[in-house]
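J.: Numbering (my numbering), first residue to last: 129 to 292.
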Amino acid sequence: MSTGPVLIVFAGLPGVGKSTLARRVGAALPAPVLPVDPIERAYGSTGPEAYRAVAALAELQLDLGLPVIVDAVNPVAESRELWLDLADRATVPLRVVEVWCADEDEHRRRIEARQAADPAYADIDWIRVLERRAEYQPYVGRRVVVDTTVPGDPLGSLLDYLRP
129 MSTGPVLIVF AGLPGVGKST LARRVGAALP APVLPVDPIE RAYGSTGPEA
179 YRAVAALAEL QLDLGLPVIV DAVNPVAESR ELWLDLADRA TVPLRVVEVW
229 CADEDEHRRR IEARQAADPA YADIDWIRVL ERRAEYQPYV GRRVVVDTTV
279 PGDPLGSLLD YLRP
């Protein structure tokens with residue numbers, strides 16, 4: 129599937145499967161995937177600076193006429209408005225994919241397994257995820273919601289949604 133410039137934003141708490149889905153979509157399109165996590169690790173904190181850095185990189189891709197995928201928690205309206213503004217400025221469609229893991233035990237298992245397997249995620253434990261969940265504002269606006277605990281592969285329907 130090839131597509132013109134489109135800004136695709138994956139959102140959701142750590143450990144829900146958004147990065148896995150974003151990478152699969154990126155391979156299928158193809159499109160670069162710009163995760164916020166490594167930028168936050170480089171800055172040593174979470175916050176708007178990392179989101180702005182990723183937005184600047186995304187804008188470069190869009191200016192080249194390419195699709196781009198952003199992979200970020202996007203917990204609050206401020207971070208989400210950044211993508212709306214970017215899509216407006218670049219005059220490209222915005223597609224949002226909000227990813228959930230509705231089974232709390234499975235979500236916790238994923239967090240603990242990732243934390244044990246990858247030192248880059250040592251600071252994201254289950255307590256931190258619960259704190260992030262408490263801060264997570266309900267999404268308003270057009271989006272597709274994917275629950276990664278539902279059987280079946282969502283890739284085909286996601287690609288249909290992502291076509292501009």
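Every residue, glycine too, gets a C-beta built ideally from N, C-alpha and C. Because the structure is a prediction, the values reported are computed rather than measured.
Would you mind reading off the limits of the alpha helix (DSSP H) that contains Asp80?
T.: No answer is possible for residue 80: it lies beyond the span of the chain, which begins at 129 and ends at 292.
J.: For a quick check, are the C-beta atoms of Trp254 and Val144 less than 7 Å apart?
T.: Residue numbering aside, residue 254 sits at position 126 when the sequence shown is read from its first letter. Residue numbering aside, residue 144 sits at position 16 when the sequence shown is read from its first letter. No, these two residues do not count as a Cβ contact at 7 Å.
J.: Which ranges would you report for the alpha helix (DSSP H) in the segment 150-177 if only whole runs of at least 4 residues count?
T.: Annotation note: the segment 150-177 contains the following uninterrupted alpha helix (DSSP H) runs of length 4 or greater, listed N- to C-terminal: 165-171.
J.: Within the chosen definition, does the segment 240-254 reach the segment 178-194 through at least 3 CB pairs nearer than 8 Å?
T.: no
J.: Take Gln243 as the anchor and find which of Pro142, Tyr179, Val220 has the nearest alpha-carbon.
T.: Within the sequence shown, the letter at position 115 stands for residue 243. Gln243 has its Cα closest to that of Pro142, out of Pro142, Tyr179, Val220.
J.: Rounding to the nearest angstrom, what Cα-Cα distance links Asp199 and Ala186 in this structure?
T.: To locate residue 199, count along the sequence shown from 1; it is residue 71. To locate residue 186, count along the sequence shown from 1; it is residue 58. If I take the Cα positions, the gap works out to 11 Å.
J.: Whose CA, out of Arg151, Ala155, Ala159, Val153, lies closest to the CA of Pro133?
T.: Counting from one through the sequence shown, the residue named residue 133 turns up at place 5. For the residues Arg151, Ala155, Ala159, Val153, the minimum Cα distance to Pro133 belongs to Ala159.
J.: Taking the straight line between their C-alpha atoms, what separation do you get for Leu287 and Val153?
T.: Start at 1 with the first residue of the sequence shown, and residue 287 comes out as number 159. Start at 1 with the first residue of the sequence shown, and residue 153 comes out as number 25. Going by the C-alpha atoms only, they are around 7 Å apart.
J.: If contacts are defined as beta-carbon pairs under 8 Å, then Trp211 and Val137 qualify, I think. What distance do you get, rounded to the angstrom?
T.: Here residue 211 refers to the residue found at position 83 of the sequence shown. Here residue 137 refers to the residue found at position 9 of the sequence shown. Separation of the CB atoms of Trp211 and Val137 is rounded to 5 Å, and the pair is thereby assigned contact status at 8 Å.
J.: Using CA atoms only, rank isn't needed, just tell me which of Ala150, Leu290, Arg208 is closest to Gly175.
T.: Translated into positions along the sequence shown, residue 175 becomes position 47. Closest by alpha carbon: Arg208.
J.: With burial defined as no fewer than 16 other Cβ atoms inside 10 Å of the residue's Cβ, what is the status of Glu240: buried or exposed?
T.: The count along the sequence shown starts at 1 and reaches residue 240 at position 112. Burial call: exposed.
J.: Can you tell which of Leu258, Ala248, Ala205, Gly280 has its C-alpha closest to the C-alpha of Leu139?
T.: Counting from 1 along the sequence shown, the entry for residue 139 is found at position 11. Per the sequence shown, the amino acid found at residue 139 is Ala instead of Leu. The shortest C-alpha separation from Ala139 is found at Ala205.
J.: When the Cα of Arg238 is compared with those of Asp216, Glu226, Pro221, Thr276, which residue comes out closest?
T.: As a working mapping, residue 238 is identified with position 110 in the sequence shown. Answer by Cα proximity: Thr276.
J.: Please classify Tyr179 as buried or exposed, where buried requires at least 16 other C-beta atoms within 10 Å of its C-beta.
T.: Along the sequence shown, one-based indexing puts residue 179 at 51. Tyr179 comes out buried.
J.: With distance defined between alpha-carbon atoms, name the residue in Leu214, Leu258, Asp213, His235 nearest to Pro203.
T.: Within the sequence shown, numbered from 1, the residue matching residue 203 stands at position 75. Closest option to Pro203, Cα to Cα, is Leu258.
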